[in-house]
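By the working numbering, the letter at position 61 of the sequence shown is numbered 57, and the numbering carries on one by one without gaps. Virtual Cβ for every residue (Gly too), placed ideally from N, Cα, C. So the structure is just underneath, and the comments pick up after that.
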Amino acid sequence: MCGIVGLFLKDKSLEPKLGELLSAMLITMTDRGPDSAGIAIYGDAVDGQTKLTVQSDNAAEDFASLSKDLSEAIGASVSLQANDTHAVILLDGPKAGAARQALAELRPEIRVMSDGDAIEIYKEVGLPKDVTERFNLAGMRGSHGIGHTRMATESAVTTEGAHPFSTGADQCLVHNGSLSNHNVLRRKLMREGVQIGSMNDTEVGAAYLTWKMQNGASLGEALESSLEDLDGFFTFVVGTKDGFGVVRDPIACKPAVMAETEQYVAFGSEYRALVDLPGIDNARVWEPEPATVYFWSH
């Protein structure tokens, strides 16, 4: 049992409040997942620049001279903004691959949480309230975001095992459920060259969607294919640079509710995650249908 939330803003005037709204939604889902929590925020992109969000268990030491060391290694300007155990590294887009390779050599213990023009991922072990406070998520702005509270079933309670998982640029996935064929798919995807860093079944789901899109599928087509290729019970919420998508397995035993107004589209594992959103009393509220792909984009 895990908790999922998502918020896609149509009204730009709400963008300064995205982190605040998502944090409140996430905390409401605490009893569905008290062991760890995470959130993906899609904020402002900088022309020609890529963001790498990284995490370290020894942040003070690992981040101290990282921007200087990384800049020298890739021969390009690098800036770093630390936030507790995470940091956002900003660099020229074409240098992203070289930066990943350099990070593996310079700071092998650092984990890359996400990369892309807009995405930032923050996740840690602990109660959702504590996780949101340590990263000041309520102070973050953006156009859309998704979050997850985890009750571990498939792997250990670690930062690495927390959601969201990102396996492609500006892509991420959160998941409630259990994939029964993830070990078979993990081996197949790794043979195809897809990087998977954990034993968590959700990362396999994220990697599957990335692999499909790398081979020409749209996100909608990849989500449709997942209904055939993934075994188990699942509700997926997927983030992309331009929006987010939702799909439930054909049986749809995992709870889900959505709401839409002129200002936003919202997702929650339970309606109580949505009750404090502005204008919720006048929203169109519905349960997403089984084996049906929903997607909104800017």
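Simplified DSSP state of residue i, which is helix, strand or coil
i, result
"residue 144", "strand"
"residue 35", "strand"
"residue 278", "helix"
"residue 128", "helix"
"residue 231", "strand"
"residue 111", "strand"
"residue 70", "helix"
"residue 23", "helix"
"residue 116", "strand"
"residue 241", "strand"
"residue 162", "coil"
"residue 225", "helix"
"residue 134", "helix"
"residue 214", "coil"
"residue 65", "helix"
"residue 96", "helix"
"residue 101", "helix"
"residue 15", "helix"
Beta-carbon separation (whole angstroms), residue i vs residue j, contact threshold 8 angstroms
i, j, result
"residue 47", "residue 112", "6 angstroms"
"residue 2", "residue 133", "About 14 angstroms separates the two Cβ atoms, so there is no contact after all."
"residue -2", "residue 144", "6 angstroms"
"residue 141", "residue 174", "With 8 angstroms as the limit, residue 141 and residue 174 do not qualify as a contact, their Cβ atoms being about 24 angstroms apart."
"residue 274", "residue 137", "Not a contact, Cβ separation roughly 16 angstroms."
"residue 202", "residue 169", "4 angstroms"
"residue 131", "residue 171", "Residue 131 to residue 171, Cβ: 21 angstroms. No contact."
"residue 124", "residue 22", "5 angstroms"
"residue 190", "residue 163", "7 angstroms"
"residue 241", "residue 289", "6 angstroms"
"residue 216", "residue 294", "Contact flag wrong, Cβ pair sits at about 16 angstroms."
"residue 119", "residue 158", "4 angstroms"
"residue 234", "residue 205", "7 angstroms"
Beta-carbon proximity check, residue i vs residue j, cutoff 8 angstroms
i, j, result
"residue 74", "residue 87", "yes"
"residue 193", "residue 117", "no"
"residue 237", "residue 114", "yes"
"residue 255", "residue 262", "yes"
"residue 121", "residue 31", "yes"
"residue 45", "residue 82", "no"
"residue 36", "residue 139", "no"
"residue 80", "residue 55", "yes"
"residue 259", "residue 10", "yes"
"residue 103", "residue 62", "yes"
"residue 219", "residue 200", "no"
"residue 287", "residue 245", "yes"
"residue 24", "residue 183", "no"
"residue 98", "residue 70", "yes"
"residue 147", "residue 29", "yes"
"residue 105", "residue 53", "yes"
"residue 277", "residue 20", "no"
"residue 91", "residue 72", "yes"
Paired residues, beta bridge with residue i - DSSP
i, result
"residue 83", "50 and 78"
"residue 3", "141 and 262"
"residue 88", "45"
"residue 28", "The partner list for residue 28 (beta bridge, DSSP) is empty, contrary to what the question assumes."
"residue 254", "263 and 282"
"residue 59", "Answer is none; residue 59 lacks a bridge partner."
"residue 293", "239"
"residue 121", "32"
_As an exercise, report each continuous beta strand (DSSP E) stretch of at least 3 residues that is fully enclosed by the stretch 168 to 208, in chain order._
168 to 175
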